[in-house]
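Per the UniProt record's numbering, the very first residue in the sequence shown carries number 1; after that it's consecutive.
Note sheet for the following structure.
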Amino acid sequence: MVRQRHSSRPSSLAKPASPHPQTPKANITNHVDAKILHDGQPSTDAAGSVGSAGKEPQTTMTSVNAKDEGEDVGSDHSDTDVPVDADVSEHGRETMSIYAGRNHHRPASTHTTAAYIFHSTCRGPYSDRAASTRSLWARELDYRDIGGRRYCKEYYMPNDDVEQLRLTIQHQVLMHAFDGELTVAPLSNPTHVLDVGTGTGEWAIRFAELFPGCEVVGTDISAIQETQGVPMNVFYEIEDAEEWDRPSDYYDLIHLRCMEGAFRDWRSIYEDAFDALKPGGWIQIADYDGKEGCVQFFSNFSDDSPVFEMMADLFAGAEKSGRKRGMFHLEPQYFYEAGFVDVQVSEQVLKMDIKEDPMGKLWLMCWLDGMEAYYLRTLVEQMGWDPEVVKSGCRETAREIAQRAQDSDSSRNMVLKMRTVVARKPSGEDSPVSRDSSNASTVQGGSSAPSTDLDDI
1 MVRQRHSSRP SSLAKPASPH PQTPKANITN HVDAKILHDG QPSTDAAGSV
51 GSAGKEPQTT MTSVNAKDEG EDVGSDHSDT DVPVDADVSE HGRETMSIYA
101 GRNHHRPAST HTTAAYIFHS TCRGPYSDRA ASTRSLWARE LDYRDIGGRR
151 YCKEYYMPND DVEQLRLTIQ HQVLMHAFDG ELTVAPLSNP THVLDVGTGT
201 GEWAIRFAEL FPGCEVVGTD ISAIQETQGV PMNVFYEIED AEEWDRPSDY
251 YDLIHLRCME GAFRDWRSIY EDAFDALKPG GWIQIADYDG KEGCVQFFSN
301 FSDDSPVFEM MADLFAGAEK SGRKRGMFHL EPQYFYEAGF VDVQVSEQVL
351 KMDIKEDPMG KLWLMCWLDG MEAYYLRTLV EQMGWDPEVV KSGCRETARE
401 IAQRAQDSDS SRNMVLKMRT VVARKPSGED SPVSRDSSNA STVQGGSSAP
451 STDLDDI
């Protein structure tokens, strides 16, 4: 059966599958009783050249065991991917998934024990039979090795197995932060949704489950999305949003998440999104406060901590690369200038209190294993750092974070904020409005950003 999409893309072949059942949101809070081992050491010492067809580096993520386990399971984890429907690993250990009753992929197999922190409660009926629904725009992928991590094109975050697993865990943290909601936009029977920078495709898969009649397209510069056992209404395409190729007046929702530092020209991104949305369609973008939020996060660290020099050079290197970090791209004025109305700003607080907040442990894992990914490429390429020096600094900082996370008093201050902006493309009946950022409304207890001269940021 040929599944036709709009003419600018090639069609893909797909086998018919049984209807994709909706299932309750997985109760993951019962399976996060874990402890950080090895003094919070993040992924390091990756070896081997990595390319589009090469072997993944032997990279190690933060080790996590259940409290009643006495051994580090990472030592017996093989290089062979776990079969999709296998209930027991080749070592006799029950394989685990973050998905409870979900009919799509497990996290990518990696050289890490983090994949074992959840117990799968049931298995999908057709995980190994559903056909791929990915429709790719053929082009050569620009993968490159930097300091033992695999990257694609100019993006500063890696896309190797370790990062893919971190993204899977991060998705669960963000779902918790948003009370299980995928979007705060008021949608009604959407038919076409675009997820820009889809990563491993977790958000797109879940949205397709909730709206089986909606075509969900996830785009990314990397081909790292799982295509077996995903809902039949999910499509993945290789596309750089800075080279936008989307039909006009087509989408009900365009979604972006955790894209800080991804683009040189955010104005152009918003203008293109505005054109691609249907009248009355919505854009939603959520991002960490990776600049001011990090400064506040590390404010009570020791003065000789390497993180301060690393942060200073990180922001300088990002500026040098033309892809600045920070929250400037979430200023409401950007959206008004692109033509949007009903701009709403909200804030979510992510806590690393592992004793009081059940999701704090997962958030801690994301931080520990994301530090090297966040700093490495920018410091090496833009500021001339030696990769091993960056890794050493990340290890030292991660140890300090892990130690502070164990202390109830200091961990309460270990929080990071996210800002979410939703905005609507006017319908034909909408009257013109003033494009002043002071008109942006505030929801969920957040505060709208003040009007700013964006060229000075």
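Where is the CB? At the ideal position from N, CA and C, for every residue including glycine.
Of the residues assessed, P158 falls on the buried side of the cut-off, its CB having 16 or more other CB atoms within 10 angstroms. Closest in alpha carbon position to G213, among I221, G199, S188, is S188. The closest CA to that of E243, considering only S268, M232, D249, Y251, is found on S268. Straight-line spacing of the CA atoms in L253 and R419 works out to 18 Å. For the pair of segments examined, the stretch 269–278 was found not to touch the stretch 204–221: the number of CB pairs separated by less than 8 Å stays below three.
Under DSSP, Y251 takes part in a beta bridge, and its partners are L277. Setting aside the 5 residues that flank it on each side, D289 is surrounded in the same chain by M327, K417, each with a C-beta closer than 6 Å to its C-beta; the list follows chain order. At a Cβ-Cβ threshold of 7 Å, L314 and G147 do not count as neighbours.
By the neighbour-count criterion, in which 16 or more other beta carbons inside 10 Å mark a residue as buried, Q225 falls on the buried side. Taking the Cβ atoms as the reference, D220 lies roughly 5 Å from T198, within the contact range of under 8 Å. Using a Cβ distance threshold of 7 Å, L194 and Y251 count as a contacting pair. Looking at the DSSP output, T183 shares a beta bridge with no other residue. Only residues of its own chain outside the window of five on either side were considered, and among them D195, Q284 have a CB closer than 6 Å to the CB of H255, listed in chain order. For Y143, the enclosing beta strand (DSSP E) begins and ends at 143–146. Annotation: the continuous beta strand (DSSP E) that includes H192 extends over 192–196.
For the stretch 196–233, the full-length beta strand (DSSP E) segments reaching 3 residues or more read 215–220 along the chain. Of the candidates R150, T168, T183, T183 places its Cα closest to the Cα of S346.
D289 carries a coil assignment under DSSP once its states are collapsed to helix, strand and coil. By the criterion of a C-beta distance shorter than 6 Å, P426 is surrounded in its chain by V341, once the five residues flanking it on both sides are discounted.
Collapsing the DSSP output to three states places C366 in a helix. Going by DSSP, Y151 is part of no alpha helix (DSSP H) but of the beta strand (DSSP E) stretching over 149–152.
Under DSSP, no beta-bridge partner is assigned to Y336. With fewer than 16 other CB atoms across the displayed protein chains lying within 10 angstroms of its CB, A312 is exposed.
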